[in-house]
Amino acid sequence: MKFSRLTLAALAGAALFVPSLVGAQPAIENGTLPHGGSYLIAGDPSSPTTALDLWFRAPDSGYGTPVPGLAQVSATAAAAAKLESGRTLAESVQDAGGRLIISVFHDIIGVSVVVPAADARPALASLTAAYFKPSIDAGAVHSAQSDATILAVQQQYEPDELVHDLLFAQLFEAGAAHDPPIPFSVSDISQITLDEVNAFAQQAFRAGNAFLTLSGDVDPTILSAITVGDSGVPDAPIAGTPARTVPAPLSQEGPEPSIGLAWIGPPIADERAATALDFIADYLFRPGTGTFARQLVQNGSDVGLNGQFITLHDPGVLVVTVEGSDDARLQEQIVDAISALEQPLSATDFAAAREAFIYHVSEDTQTAAEEADNLGWYAAEGAAAYAPGGELYDGIAASLDPEFVAATVRRYLTQPALVRIVPAAAAKGSSS
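Add 6 to a position in the sequence shown, counting from 1, and you land on the number used in my numbering.
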């Protein structure tokens, strides 16, 4: 699956408008936008909301000398900049009672808007104007820096995100994947300049580099609301440079105890292996149903467990994090649970687990927002047709068998990167 972390732009102040559930994934319409870029539409006339997503391929620290946090500040500044209407994108979405989410990852940027269906056309016009024709000034950059500073501070108190970023820094020795989208140091954010933001925006937010995904109540004629853009082709997918050897375990002080494990997995092009790792994450770690997750509950362990395969262009990464414990034995138990899958499950157990997995995939792609988000992520990573919930993905999931899953574990999941966060007070107490 894609990485589930979503960063809400605090400056937007937008209400959280909860979209209704949609049924099975509708047929996908796709094509090229008249002013550059591509689009995918998964329409559902019964939905009261419309989800509009713009995704771009762009490195989180910029295109030249790394500027930590540049993509985060630039994407947020574009939403905070005044449009020709005199309002910002964030204000326009807020006025419609909608929701604006800006998600910055190491290799792609997503801007997601959900509004009542009646407001979809003006929302799309504002969304594309803000990014295809950015007009970012010093005030917008200042607002974006303030927003990013808050997120950087919050990140230090959110173990799942902190451990995730440390694991990626361990697994990738260079390239965008090595750097966290939101810098660890707040001072890095304050040093980003208006010129750097505008240069990044002009290169990253070109219409030709955009993947527009629309879901929910969508009339295809809505595309005529886009009046700006440029021609051209999208940038090539961005990949990090994996470490040549498995890094040594990392332990550092932090506000809350936590642990993390991560393995380099297959690229998105190896669809069956990628789906197998989605299955493994679901089978072991899904809250409430995963076998390892249930074991923790039965043992009375009060921790937050999260495991997912992050589908990326090349390579993907399986990440498992635990909030609330820095117990090295728990790390060992996770490794043992995965290693046990090197031996195939019985046909009966596997069939039940596979059916549950396919159901969970459907369950996780029910809303218009989830559908637009999935389509955008997989399009930007280079395989739009493979998005979960679609016929291709469901067919691959149904084709999985115990032997193939076991072989995938043996191929990819043998040597994880390991991270432990130990509370400073506990660390001092243990040394006294």
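A virtual CB, placed ideally from N, CA and C, is assigned to each residue, including glycine.
Among the options, the one whose alpha carbon lies nearest that of residue i
i, options, result
"Gly260", "Val323, Ser191, Asn312 and Arg426", "Arg426"
"Glu361", "Ile286, Asn380, Pro248 and Gly310", "Ile286"
"Phe174", "Asn215, Ser307, Gly266 and Ala404", "Gly266"
"Leu60", "Ala412, Pro51 and Ala135", "Ala135"
"Thr82", "Tyr365, Tyr137, Ser405 and Glu387", "Tyr137"
"Arg416", "Ile270, Gly235, Ile198 and Leu89", "Ile270"
"Glu387", "His112, Ala33 and Gly294", "His112"
"His148", "Ala124, Asp201 and Ala102", "Asp201"
"Pro165", "Val252, Glu90, Glu262 and Ala242", "Glu262"
"Asp284", "Ala357, Phe363 and Ala334", "Phe363"
"Ala146", "Leu89, Val169 and Gln162", "Leu89"
"Val234", "Ala359, Leu130, Val252 and Gly396", "Leu130"
"Ala334", "Ala385, Val428 and Val325", "Val428"
"Thr274", "Asp236, Pro243 and Phe62", "It should be pointed out that residue 274 corresponds to Ile in this sequence rather than to Thr. The shortest Cα separation from Ile274 among Asp236, Pro243 and Phe62 belongs to Pro243."
"Tyr365", "Phe62, Glu338 and Asp400", "Asp400"
Rounded straight-line distance, which links the Cα of residue j to that of residue i
i, j, result
"Ala87", "Ser118", "17 Å"
"Val99", "Leu336", "44 Å"
"Ala430", "Ser264", "12 Å"
"Leu93", "Ser109", "In the sequence as presented, Leu is not what sits at residue 93; that position holds Arg. Each residue's alpha carbon lies about 22 Å from the other."
"Ala57", "Ala96", "15 Å"
"Trp383", "Arg300", "30 Å"
"Thr281", "Asp143", "44 Å"
"Ala389", "Leu256", "34 Å"
"Asp153", "Val192", "11 Å"
"Pro72", "Phe315", "27 Å"
"Phe410", "Glu348", "10 Å"
"Ala102", "Asp125", "7 Å"
"Gly29", "Gly104", "In this prediction, Gly29 scores a pLDDT of 43, lower than 50, which makes its location untrustworthy; the coordinate-derived value is nonetheless stated afterwards. Near 22 Å, if we compare the C-alpha coordinates of Gly104 and Gly29."
"Asp332", "Pro293", "19 Å"
"Thr327", "Ser44", "35 Å"
"Ala254", "Ala412", "26 Å"
"Ala232", "Thr295", "Looking at the sequence itself, residue 232 is Ile, so the reference to Ala does not match. Approximately 44 Å between the Cα atoms of the pair."
"Val239", "Pro51", "31 Å"
"Ala391", "Pro272", "17 Å"
"Ser368", "Ile34", "16 Å"
"Val325", "Phe62", "24 Å"
"Ser91", "Asp241", "30 Å"
Beta-carbon separation (whole angstroms), residue i vs residue j, contact threshold 8 Å
i, j, result
"Val79", "Ala150", "5 Å"
"Pro128", "Pro54", "Between Pro54 and Pro128 the Cβ distance is about 17 Å, and since that is not below 8 Å, they are no contact."
"Asp379", "Gly116", "7 Å"
"Ala180", "Gly42", "Wrong, their Cβ atoms sit about 31 Å apart, outside the cutoff."
"Leu46", "Leu381", "5 Å"
"Leu39", "Leu229", "7 Å"
Same chain, Cβ closer than 8 Å to residue i, five either side skipped, listed in chain order
i, result
"Leu27", "Note on Leu27: pLDDT 38, under 50, position unreliable in the model; no value is reported."
"Ala77", "Ala64, Pro65, Asp66, Ser67, Gly68, Val110, Ile115, Pro187, Phe206 and Ala210"
"Gln160", "none"
"Glu163", "Reading off the sequence shown, one finds Tyr at residue 163, where the question assumed Glu. Within the same chain, Tyr163 has close Cβ partners Pro261 and Glu262."
Neighbourhood of residue i by C-beta, 7 Å cutoff - its chain only, sequence neighbours within 5 removed
i, result
"Pro140", "Ala84, Ala87, Ala207 and Phe211"
"Pro189", "Pro74, Gly75, Ala158 and Ile195"
"Thr297", "Tyr289 and Leu290"
"Ile402", "Glu277, Arg278 and Thr281"
"Leu177", "Pro248, Ala249, Ala268, Ile270, Val323 and Ala423"
"Ala245", "Gly181, His319 and Asp320"
"Leu302", "Val309 and Leu311"
"Pro408", "Pro350, Leu351, Ala353 and Phe356"
"Asn204", "Ile142"
Own chain residues within Cβ distance below 6 Å of residue i, not counting five before or after
i, result
"Pro186", "Asp171"
"Gly19", "With a pLDDT of only 36 at Gly19, under 50, the local geometry of the prediction cannot be trusted, and no value is derived from it."
"Ser221", "Ala48, Ala57, Ala374, Glu377 and Ala378"
"Leu419", "Trp269 and Ile344"
"Leu22", "In this predicted model, Leu22 has a pLDDT of only 34, less than 50, meaning its place in the structure is not dependable enough to derive any value."
"Thr155", "Val192 and Ile195"
Burial state of residue i (16 or more Cβ within 10 Å)
i, result
"Gln421", "exposed"
"Thr219", "buried"
"Asn305", "exposed"
"Pro226", "exposed"
"Gln352", "Reading off the sequence shown, one finds Ser at residue 352, where the question assumed Gln. Exposed: under 16 other Cβ atoms inside 10 Å."
"Asp342", "exposed"
"Ala216", "buried"
"Gly70", "exposed"
"Gly313", "buried"
"Asp355", "exposed"
"Ser132", "buried"
"Gln199", "According to the sequence provided, residue 199 is Thr. The question's Gln does not apply to it. Burial call: exposed."
"Glu329", "buried"
"Thr414", "buried"
"Ala385", "buried"
"Glu338", "exposed"
"Ala183", "buried"
Below-7 Å beta-carbon distance, residue i vs any chain D residue
i, result
"Ala180", "Note that chain D does not occur in the displayed structure, where there is just one protein chain."
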